[in-house]
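Per my numbering, numbering of the sequence shown is gapless, rising by one per residue and ending at 738.
Each residue gets a CB set at the ideal place from its N, CA and C atoms; glycine is no exception.
Read the structure below first, then the notes.
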Amino acid sequence: MSDDKARQIIERAMADRAVYDAMATRESEVWGRILPALEHSEARTEDASASAVLRVGRHQAALSPLAKERGLKFERGLTLGCGAGRLERALLTDGVCQSFHG
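This is the structure we're talking about:
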């Protein structure tokens, strides 16, 4: 998708709340099918095994528990869109962040 096309979509969503809500609903429908399928896939199982062997994430702090422990709350967060959105959903669910942009 070209940058111009993406910009048009963003501008249309920002200009009309109903359009934004429809886009958000559609996004939830799509990811609601994709993510559960990934969670139960053979690739996910293999990835989890490899992560354990390679000790992926062993030096990373858990952001949500750390923020809650320190009483940190954020009005907005920035997502890079580089994953499936699990961290963003956890931060919203835990009340650490009110919304995300990106």
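Pairwise C-alpha distance: Ala642 and Arg648 = Distance between the alpha carbons of Arg648 and Ala642: 10 Å.
Round the Cβ separation of Gly738 and Thr715 to the nearest angstrom and send it over; I've been treating them as touching at under 8 Å.
-> Indeed they touch by this definition, with Cβ atoms about 4 Å apart.
So Arg725 is in the alpha helix (DSSP H); what residue range does that whole segment cover?
-> That run of the alpha helix (DSSP H) goes 722-729.
According to DSSP, is Arg712 helix, strand or coil?
-> DSSP places Arg712 within a strand segment (E or B) once states are collapsed to three.
Does the pairing of the stretch 680-689 with the stretch 703-711 give three or more beta-carbon distances under 8 Å?
-> Cβ pair count under 8 Å is below three, so no.
Range of the contiguous alpha helix (DSSP H) that encloses Ala700 | Rather than Ala, the amino acid found at residue 700 in this sequence is Ser. 699-705 is the extent of the alpha helix (DSSP H) around Ser700.
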